[in-house]
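The structure appears right after this line, and notes come after that.
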Amino acid sequence: MKSIFYTLAIVVFFSACTLTQAPKTIIVGENNTSKKDFSKDSLSKLAIIIPEKTIKSYSSTIINASFAYLLRQNAKIDTKVFLIGIEDEARINRVLAELEAENFRFVIAGFTLKGANILAKHSNDMMFFIPTLHKKNTNIDAKNIYFGRIDYDAQIDKLLSEVNSNNIASFYDNSVLSNTLHQSILKKVPNARTYKIEGEKINFASVLKSKGPLRGSSIFLNTPLVTSAIISSQLRVNDIEVQNILSTQIGYNPMLLSLTQKEDRAKLIIANSIANKDKTLAYLNENFSQSIEYNWLAYATSVGLNFFYTSFMDKRSSSLFSESIEDTQVVYDIKLMKALEFNFAEY
Numbered sequence: 114m115k116s117i118f119y120t121l122a123i124v125v126f127f128s129a130c131t132l133t134q135a136p137k138t139i140i141v142g143e144n145n146t147s148k149k150d151f152s153k154d155s156l157s158k159l160a161i162i163i164p165e166k167t168i169k170s171y172s173s174t175i176i177n178a179s180f181a182y183l184l185r186q187n188a189k190i191d192t193k194v195f196l197i198g199i200e201d202e203a204r205i206n207r208v209l210a211e212l213e214a215e216n217f218r219f220v221i222a223g224f225t226l227k228g229a230n231i232l233a234k235h236s237n238d239m240m241f242f243i244p245t246l247h248k249k250n251t252n253i254d255a256k257n258i259y260f261g262r263i264d265y266d267a268q269i270d271k272l273l274s275e276v277n278s279n280n281i282a283s284f285y286d287n288s289v290l291s292n293t294l295h296q297s298i299l300k301k302v303p304n305a306r307t308y309k310i311e312g313e314k315i316n317f318a319s320v321l322k323s324k325g326p327l328r329g330s331s332i333f334l335n336t337p338l339v340t341s342a343i344i345s346s347q348l349r350v351n352d353i354e355v356q357n358i359l360s361t362q363i364g365y366n367p368m369l370l371s372l373t374q375k376e377d378r379a380k381l382i383i384a385n386s387i388a389n390k391d392k393t394l395a396y397l398n399e400n401f402s403q404s405i406e407y408n409w410l411a412y413a414t415s416v417g418l419n420f421f422y423t424s425f426m427d428k429r430s431s432s433l434f435s436e437s438i439e440d441t442q443v444v445y446d447i448k449l450m451k452a453l454e455f456n457f458a459e460y
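First residue of the sequence shown? That's 114 in the working numbering, and the numbers climb one at a time after it.
And the structure:
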């Protein structure tokens, strides 16, 4: 296990958040009082636990978003990154013991469900924020573990308000997220037609005609960006006039604008839960080669750290975000977006 220690005392600007046990709804950034007592030393320490071999590219996103946020707050916080490789129970136990010994009380953990379940076995006075998971996908009810992943299921519900309910098609591939989104749609719309995109050489014209006419249908694109761009262009090329093309956060990416023609995305509607309004925070994230405007994990990590920072570490600070927390889960607003020629705008 490797650990990296940083002291942040850089003159830029920043901000964070708050916590209480009752009521269950907390506005991120409100300076609520809490029954927890933290030592002065622990209020100036932040730990980041990263199983980098498990979450791969998510690792740098979480770390970079954390530092960008602390810089934006001009926060004088001693920050230690623990690279644990994988979510092995012995490794997690060791790092928790080290955190306890060093008086860390605030922890950002980039865990999957496996790591979160191990974490939930421990009863201590540390507070954890897991940006990679939504609480509804766990059975964890610990009051000191907070979750920050966006709610894809709620985004699908929002998109379903725009559909032709009698004619829905779902495109997906073999990736985990794509399958998860596809299965969520089938639970809500059991009679949806399904189109699995697999293999290197795909005859899209044949795929599009394989299960009856798609004309007038509402199409969910649960596929990676390039595949979604190809499908939307093939619909136009094959003269298939659909009611609309729908995508969750997976499609909210400016690269889509360069991968498609304006006509291909004319009927595209995307659900988006990112609502950053702080230009300095956006700039700082760009310096770490990531976009808080489009990267949901960078945004979720920032919201969680904001919660810790303004609620406990520095209650005098102002929040950068307006999201609420209900029953230890961040609740994001969902806006439907349309793709214009060079940017996205609210639908």
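Positions of the beta carbon are idealized from the N, C-alpha and C atoms, including for glycine.
In the structure shown, Ala395 falls within a helical segment according to DSSP collapsed to helix, strand and coil.
One alpha carbon belongs to Asp238, the other to Val444, and they sit about 24 Å apart.
According to DSSP, Asn408 shares a beta bridge with no other residue. Ile310 is positioned such that its CB atom lies closer than 9 Å to that of Val320. Within the DSSP bridge table, the entry for Phe333 names Ser283, Leu359 as partners. Judged by their CB atoms, Leu327 and Leu449 are not nearer to each other than the 9 Å cut-off. In this structure, Ile281 lies away from Thr361, with their beta-carbon atoms at least 9 Å apart.
By the neighbour-count definition (other C-beta atoms within 10 Å, threshold 16), Met368 is an exposed residue. Beta-carbon to beta-carbon, Tyr182 and Asn419 are separated by about 7 Å, close enough to satisfy the 8 Å threshold. Bounds of the beta strand (DSSP E) holding Tyr259 are 258-260. As computed with DSSP, Gly325 is found in a beta bridge with Ser323. Taking one beta carbon from each stretch, the stretch 336-343 and the stretch 401-418 have fewer than 3 pairs nearer than 8 Å; the two do not touch. Under the DSSP definition of a beta bridge, Glu459 partners with Met450. When Cβ pairs closer than 8 Å are counted between the two stretches, the stretch 168-183 is seen not to touch the stretch 206-220, the count staying below three. By the Cβ rule, the stretch 213-226 counts as touching the stretch 245-259, because three or more pairs are nearer than 8 Å. Taking the Cα positions, Asp201 is about 50 Å away from Val350.
CA-CA distance, Ala458 to Ser155, rounds to 42 Å. Contact check between the stretch 374-382 and the stretch 257-267: fewer than three CB pairs, one atom from each, fall below 8 Å, which does not count as touching.
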